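Protein chains in written order, with my numbering: chain X, -18 to 229; chain R, -18 to 229; chain Z, -18 to 229; chain W, -18 to 229; chain H, -18 to 229; chain L, -18 to 229; chain A, -18 to 229; chain F, -18 to 229.
Backbone N, C-alpha and C define an ideal beta-carbon position, used for all residues, glycine too.
It should be emphasised that the depicted structure is a prediction, and the values quoted were computed from it without experimental measurement.
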């Protein structure tokens, strides 16, 4: 029940068409989202212009194709994250203008690109192996209407590389730091900038990296303040949070 | 070497007092912070008006008293976090106007309170046992120049409590969600607001809470996007990040 | 807003005292619990006759005394779990008829004992060291209106002890199995009865018991079906679930 | 030795055919299950009408086919869980009426469907990726004689979806909550219903989900009382426990 | 029901005093241990001459005193493990001849010392800090009727110390290896002897020793065959197993 | 340097062919194994008649074939554990009488089968999925000269199955208990027999079984005394230890 | 900006071509590495003659080929670690003299082999399955200009094997100990030599080896002093550290 | 049997006083350390001039006093690490010139201070709370004959602090990096120097620092090569390894 329907219901009570008792019953069991202000996803999409997003991992190609096809009927832009090439091919059969970003593992439909924000999100990686996660963040950030500055392979083991890019990092409104073995990068960047920093540990590495847990713990224990962390390999979530900050 | 000294050096080269070779040697070994733009802590304090902060845990009362006494000589405001009452008493002997917030475990000196930002940081807790961490966040946020709205004990096991406060939560510019056993609160709030959400897992609980690891994992795995996490019990860090976001 | 108030609002719309638009605004921002069917805790207490419960750990004696004193004003019975003797003494000063169960670590006020259910909850422990958790479960179950049969120290290392009590265990409607090192007991009991079994791992033990994690994992991996597990040492939660089953 | 044989033995003693000493020897070494009341599996199958169940994972297709073929000789219904399609094909060669539920990964033989219980088991999932586990629970619950109401994809990140289905969830006698990353759902549902809730963490997710451990810990630490947990991905066990509750 | 009672029952059936049906009912619900061959603990104590053992940790001094006082009424020897001096003093008030081994943390009553086995159990420790666990093993082994050879502080970091004692180690029938940080000792000894080796990891150490988990894992992964492990710090269990081997 | 060579050296010193100084140098640097009593593997093989054993996992088929071919030159019997069928085929090309036990994953050459010990090793499994580990233990035990009694699928969830086999288990000299999810079986058996029990946790299961860690922890925390544990899935090691006990 | 450019800048200031203010601006934002002493990687390669190294895992064959082709343009020697044969084939197409060490999984280009150091690095393994990691260390050490002595398969379960090689181990300047299950070897070697020992835990093993964590913990808890540990399977890093020690 | 005795034995064989057979028997059972080259600890102390070291934790004050008193009889210098003030007072009663370093928790007897090496060991900490571990390293390094340069509180969150001290760090022969939460420092320093770096994770921190495990994992996963790690808080071991490197 959206706003219009609720107003009609109240009008009907006012006009005597519906008794207060009956209206009470309707309202009591009213599905929350039908009030029009609780169907958050829908609401969020409409108000923010954020595209609908589909987490593809764990869904079949058929399911993904059906979902995305349905979403593009009512949305200008749709993102499918963690998508394989095979997923993409299934989507392409039903949505001709779907695009696939292989490194980012993302399917994107973008029929009405929105004007970019002036504010920049810097996306910084420690190594080259962190780039797939960085690209997931970059494509997501762009789709959500942000400008992105990619600064890759500036890990702390050769800290001069980082310093050479410091001006660009400091020019950003928000910084996403993506690092696997070397979770240290989030600490170092956090100590060098005054803007919000979002850390994304990655599962890159071997041995005692424990599938990213090492980098995660390292980032959480950062001595630098002003750093918030998202899940291992969660480039999408980092970009989403960065975009929410950028919109303020 | 600060800006003035660097300019003097360059003047001396210009005037021939110092040869380029000698200047090269000086510059080559120049301590980084002496350039005036790298001594970040100092710089940050001056530019942002953020108070100096001292992490008291693991330091003796004597050390803390000496550090804070020294800092108040050059700073209008100083925060000591994770401070015991005993720490405070040692500080009080040398800094008469130091104040102690027992629940937040913070020592505060605030000689020139700064005007508050219009933007509100909502601090939301799942239970009453999470309040000490929340108060650490609240006092920190206030000291960094923010307005705070405390919304305590609205955990998801009685989700109506949360809904009753939703308007206040949505009115905030940034939301800090603090939860121990019930890390779930970060997910739920993350799904209900469009502003940045910072999750603080707490070590509250017993058994399989693993000293906060359960809540930490729960928050990291949140299905809600737009949520960044800080270390377990790190109210200070959450407020610092929230403040950095608020300043943008 | 409870049912009465909602009906009044709708009457006012019907009578024209309040315009539909204004009613819409009220309803839109209506705190969820005010509808009368969402304020679960309150509702649950009233309808089920379950006492209010306070988790005392992590609260000061003063806080606990204030909370319990307030609750006994509107409730016939109140339970305080994880309460120390010191907590109890603070409560006793303001609630004269509060009783303390030392082994169960519970403070109980029970002004209008309810008739007991015919259905029995068997509470079975592996060892004597598991008894404090068992007593927490027993007192809770009794306070929630159930009959309890305590069957203690029947761990699987001497399995004849268990078999000697099998008739009593099988006579129960629900069985709570409480075991520390010997999480095995839940599997064995689960294989011997056809009623629901609730496993409570305890933190009893040393070395590789990992504070109860061993027993927890052991119970979760039980080959016996029909066993549900609660948190380590959570006697209260087990009794609550058992009582909910008993009420069906 | 079943009841009939035991009675015959005792008759033989009464008639003098067998001496008490010889009978003593027989009874002393009597295999436990032969008394007729201890062969639990057999007994349980006969009395409850529950089908025999085979856990297929870790068995070869040949073994599975042999076991199921043998069981259908003496049972009206048999369930094979964690079965691959390849397992099923081997079974189909020897049991023509075996049916395969691909999503649930179950092989089912059901020659004499039993009347359904009036009582409903609600099966609630956080996401679509949790559905295979949910279907395992659903098929199992149905095979054990229960009615099932499937309520899928109502995770807490969009909590309105859950509220829209609350009436159906509350109409159930038992609720099974299945959630991966978002273990939070068990807490929220546990706070909204008064019936027993069974939580099933799933291994769905990535990064810090740790193969389901995150969701498991989250559920165990739930602040909502009345929730019992089973092993990660154990839809079968959850349905079994729910069915045992339903039968009371 | 012991052997005598079962025989009486069968006689009564033979004589017609009890009908087969009634006898069937009795036998069906017969407590397992009453058959005389299942009450294992009692049986074991009588047959093996092993003393009764009480695990004191987690019991109050009063409970321990009552239990031991009761046991010495029917047993010549009783062991209390993990006992504090305070526990002992409570026991001493009711059992005058109780002895306390402080290093082993054991209370012992030994009224009729049994002749020692010829077979030796070697108890080998890596360091001096492992000695309390070793003494628990030694006192236990002696109480169970074994000879003990204590070989302490021969850790692998100075492997010559071990070699100097190799003849004594090889002279033993069973070897118990007790090591904390240096779990390596079990591997090395396991490679040098042909007798059964029992490894006891200890919680001695700091940092990454994880309360004994490191030593436990190290022992479990030993390349030497013929080594069985017991729980961390479980000197009692190791001696019990060694004694069972010695008795063969 | 074997005994013969050492004796020759000493003869040479006696005859003056070699000076004491030179002999000192030889002896000082004498490789430990050359003394004839330290080359344990060789010695052990000769004295005990134990076959040489090769752990095949992590070696190439070529390496395994070369090693086994070489060993059969000087040994009557050789065991290759953790061998794939592909490993076996490579061995078969060079050792014609090599036999492959598929379930046990073992390659065996046995040219001079030794007389069996009278003493029985009982090998008990909780489920059918534990059988591969059990077969590794069984083949190993047989190759080491022991009699084996296989008692499979007697897990505690249907404890009557175990009791039906108790006589056979009690007839053994040593009992190996192999259990995955249901590590409980080691506790139960440990409480029912007086002979040494060796527990082998297996990696069978899913979810919170953590690759066998659950069963491992469960066995280590067993309340039954007299149980020693080996590594997860280490059937070989369990049989080796059992055989060492049997030989005493 | 290298030394030459910095000197030019200062000359320009001296000659008045550039004002001190402008020079200040240049220097203030000077990329760190341009000072000539911070571009560590480049600097290190030039000064030490160490080859450039590429960690291939997580990079595509195309990326690796491009990187190595580019590096051989400016470097005499290049190492690619964790390289598959497929990686190598891609490199070979663009760098004809690239060599592949299959066991070490390394691609090596070595156009101007440097004279070897006199100092030896001993590389010691516990088992044969540890050899791939050892070969990674060996090839790396050789490429960095060291002599290597390979001493493989001397694990502590047959400690005589180790003693037979002790002279060679003691002759080395640095010892790298590589061990999987048997992390014990690092302790034993650490106790036998006075030179620095570098421990490399490997992921070899099964069950409770936890992918190398067991060996890692075992090595970290070594009672032998003078042992430093690198990441699991990190033969490259161990050789690098050993080489740095050798160069002193 | 030391060298002299072995030579005597061989002389006796040469002179016919002892037969080769008898000599063989003596040599066969010769305790390893009696050859004079295996009693490593003793040997090491004599040859290197390293003091004897006693790990005090887990020993009683009495034991420590006895051990140190005995050692000072035959050694010029003795170190007691992890010593409490109470331990020291017990030592002081028997060794008058024992000195206590409170911050380092070390008891030191140093009767004949040895000349210092020219080579410097830099000891670098991330924070002030890491200083106790650093002082343990510093006192140990000095006692082992090294020069020490203490560079404290230069963590990466304010990286300018580190750069200001870089010359001093680079002037060292070996660098010990001690860091708790901020394990990152080892990576950064490892990338800036060419000398061996030894990382010591500390247990400083809270929450997800897991008692030092976070810093440990972070250091192990360092992208910088040339870094070896010791156990958490193991300042002694780091200094020992550094000293061994310095001695080369």
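How long is the line joining the alpha carbons of residue i and residue j, rounded to whole angstroms?
{"i": "residue 171 (chain Z)", "j": "residue 202 (chain Z)", "result": "12 Å"}
{"i": "residue 76 (chain L)", "j": "residue 50 (chain L)", "result": "6 Å"}
{"i": "residue 43 (chain W)", "j": "residue 88 (chain A)", "result": "46 Å"}
{"i": "residue 241 (chain X)", "j": "residue 38 (chain X)", "result": "With chain X running from -18 to 229 in the structure shown, residue 241 (chain X) is simply not present."}
{"i": "residue 134 (chain F)", "j": "residue 65 (chain X)", "result": "47 Å"}
{"i": "residue 56 (chain F)", "j": "residue 156 (chain A)", "result": "29 Å"}
{"i": "residue 161 (chain H)", "j": "residue 111 (chain H)", "result": "7 Å"}
Residue i: buried (16+ other C-beta within 10 angstroms of its C-beta) or exposed?
{"i": "residue 54 (chain Z)", "result": "exposed"}
{"i": "residue 71 (chain F)", "result": "buried"}
{"i": "residue 97 (chain Z)", "result": "exposed"}
{"i": "residue 263 (chain F)", "result": "A query on residue 263 (chain F) cannot be resolved here, the shown segment of chain F reaching from -18 to 229 and no further."}
{"i": "residue 13 (chain W)", "result": "Only weak support is given to the placement of residue 13 (chain W): the predicted model assigns it a pLDDT of 35, under 50, and the question is left unresolved by the model."}
{"i": "residue 94 (chain R)", "result": "exposed"}
Between residue i and the rest of its own chain, which residues show a CB-CB distance below 6 Å, the 5 nearest in sequence each way excluded?
{"i": "residue 184 (chain F)", "result": "192, 193, 213 and 214"}
{"i": "residue -7 (chain F)", "result": "-1"}
{"i": "residue 52 (chain X)", "result": "33 and 59"}
{"i": "residue 84 (chain R)", "result": "113 and 116"}
Determine which residues share a DSSP beta bridge with residue i and list them.
{"i": "residue 94 (chain A)", "result": "The partner list for residue 94 (chain A) (beta bridge, DSSP) is empty, contrary to what the question assumes."}
{"i": "residue 178 (chain R)", "result": "R:156 and R:208"}
{"i": "residue 58 (chain H)", "result": "H:91"}
{"i": "residue -11 (chain R)", "result": "In the DSSP output, where bridge partners are listed per residue, residue -11 (chain R) has none listed."}
{"i": "residue 231 (chain A)", "result": "Residue 231 (chain A) lies beyond the range of chain A shown here (-18 to 229); nothing can be said about it."}
Near residue i, what residues of its chain come up, given a Cβ to Cβ distance below 8 Å and the 5 sequence neighbours on each side ignored?
{"i": "residue 210 (chain W)", "result": "167, 179, 180, 181, 182, 197, 200 and 201"}
{"i": "residue 74 (chain F)", "result": "46"}
(message) Under 8 Å, with one C-beta from each stretch per pair, do the region 143 to 159 of chain W and the region 188 to 196 of chain W reach the 3-pair mark?
(response) no
(message) Would you call the region 114 to 127 of chain H in contact with the region 52 to 68 of chain H, where contact means no fewer than 3 C-beta pairs closer than 8 Å?
(response) At 8 Å Cβ cutoff, the stretches touch.
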